[in-house]
Amino acid sequence: MRIYKQIEKLVQSNKLSHLYIINTQKVANTKKEILKLIKAINSSDLKIDEYMNYELDNIFPNIFYLDGNSNKIKKEDLNHFFERLNLSSLMNPYQYKVGIIENLESTSLEGLNSILKEIEEPGENISIFIFSNNIKKLLPTILSRAQIVTLDEEDLSEVYKEFDSHFDAFVEVCVLFSNNNISRAKEFSNKSYNEIFDKYVKIMQNAYKKQNFFYSLYVSLNEDLEKDKQERNIFILNLIKYSIIGINETNNFYIHNNYFKELNKISNFILKEQIYLTKWINYINDFLQNIELFGNFKIQKQDMLLKMGEIYE
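My numbering applies: residue -13 is where the sequence shown begins, and numbers increase by one.
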């Protein structure tokens, strides 16, 4: 990818910036991108595929890694991370000490504020790379001080490769609902999401009957949409959106998927008999956007449900 060649040239000319934010929303495998970055910075002959199972913190002595995928990054984690980064010695032949933080958006506002000093008063020969699949959740003060790089979207086949032998029709649902976000798609492939799919398809099928349709949907959404369950929220709301607008069946990859056929059957009815429900799409999109911008979850949820109910009535 061109960006890594540019970074390698910046290192060679000693012009690497102090802070970069790498937008990974469109890539299938963030770890592979981090390894590409490490390879470029250290001008290494590192073989990416051979290091996919290695701990990123243990590959080179000048690379420091903080993982926000599994657990929410705490303020104490950030303090310890920067302490290690700042106090370590820079050894030959490396030109930079590199701090890599993945999914910084998973930390608290207090944690985000705690790194501002590190950004405003950088140590010598230190460069920080924040890999994020949701940069809207990062503080504007952090974004304003960074070089922002958006990685190109990978081919859909590369996303599907991440599922290896357990590829099935529901994986296609997971990938579509995740907007090609591989970590989110893998979360969606959990059995519990299959059950959620069945639950909400049955609820949306009640549109045919026109009796107590929104009431049952309201009760379920009010119960299932939770502040700390963002991935589940996205899955449920995308299911509702696609049950209204349908899936493009001109895509030959999807044409024999029974999950999509169920959604399209509901969509065909709604677009013919209850076209006004298409306004729900805007309300759902507004809700998801407002939550990303630190909007009050409970207020935003009730506002969305109220608007959806008014349209249905």
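The C-beta atom is built at its ideal place from N, Cα and C for all residues, glycine as well. Values in this document were obtained by computation on a predicted structure and should not be read as measured data.
Nearest residue (CA-CA) to residue i, options the options
{"i": "phenylalanine 156", "options": "Lys60, Lys258 and Ser175", "result": "Ser175"}
{"i": "tyrosine 228", "options": "Ile86, Phe163 and Asn111", "result": "Phe163"}
{"i": "aspartate 43", "options": "Asp31, Phe67 and Lys58", "result": "Phe67"}
{"i": "isoleucine 72", "options": "Pro108, Leu90, Lys61 and Tyr80", "result": "The residue you asked about is not isoleucine; residue 72 is asparagine in the sequence shown. The shortest C-alpha separation from asparagine 72 is found at Pro108."}
{"i": "isoleucine 105", "options": "Ser92, Asn0, Leu64 and Met290", "result": "Leu64"}
{"i": "isoleucine 300", "options": "Thr93, Leu223 and Tyr245", "result": "Since the displayed the chain opens at -13 and closes at 299, residue 300 lies outside it and no answer follows."}
{"i": "leucine 291", "options": "Asp184, Tyr269 and Glu278", "result": "Tyr269"}
{"i": "glutamate 158", "options": "Tyr194, Val205, Phe221 and Leu129", "result": "Phe221"}
Collapsed DSSP secondary structure at residue i in the structure displayed
{"i": "asparagine 238", "result": "Because asparagine 238 sits at a pLDDT of 45, beneath the cut-off of 50, its placement in the model cannot be relied upon, and the point is left open."}
{"i": "phenylalanine 115", "result": "strand"}
{"i": "asparagine 9", "result": "strand"}
{"i": "tyrosine 51", "result": "strand"}
{"i": "glutamine 133", "result": "strand"}
{"i": "isoleucine 252", "result": "helix"}
{"i": "glutamate 107", "result": "coil"}
{"i": "lysine 60", "result": "coil"}
{"i": "isoleucine 87", "result": "strand"}
{"i": "threonine 264", "result": "helix"}
Residue i vs residue j beta-carbon contact at 8 Å
{"i": "asparagine 9", "j": "threonine 136", "result": "yes"}
{"i": "lysine 287", "j": "leucine 211", "result": "yes"}
{"i": "leucine 90", "j": "serine 118", "result": "yes"}
{"i": "aspartate 138", "j": "lysine 18", "result": "no"}
{"i": "tyrosine 231", "j": "methionine 190", "result": "Position check: residue 231 holds isoleucine in this sequence, whereas tyrosine was assumed. No, they are not a contact pair."}
{"i": "valine -3", "j": "tyrosine 51", "result": "no"}
{"i": "asparagine 111", "j": "leucine 76", "result": "yes"}
{"i": "leucine 23", "j": "isoleucine -7", "result": "yes"}
{"i": "asparagine 192", "j": "phenylalanine 183", "result": "no"}
{"i": "glutamate 88", "j": "aspartate 35", "result": "no"}
Backbone CA spacing between residue i and residue j [nearest angstrom]
{"i": "glutamate 296", "j": "tyrosine 40", "result": "53 Å"}
{"i": "tyrosine 6", "j": "arginine 70", "result": "19 Å"}
{"i": "isoleucine 49", "j": "serine 169", "result": "23 Å"}
{"i": "leucine 102", "j": "glutamate 62", "result": "14 Å"}
{"i": "asparagine 238", "j": "leucine 21", "result": "Legend: pLDDT at asparagine 238 = 45, less than 50; position of this residue unreliable, value from coordinates given subsequently. Roughly 34 Å separates the two Cα atoms."}
{"i": "serine 253", "j": "methionine 294", "result": "17 Å"}
{"i": "threonine 264", "j": "phenylalanine 255", "result": "12 Å"}
{"i": "arginine -12", "j": "lysine 188", "result": "47 Å"}
Contact test: residue i Cβ vs the ligand FAD heavy atom, cutoff 7 Å
{"i": "serine 206", "result": "For the structure depicted, the ligand FAD is absent and the ligand set is empty, with no information on it obtainable."}
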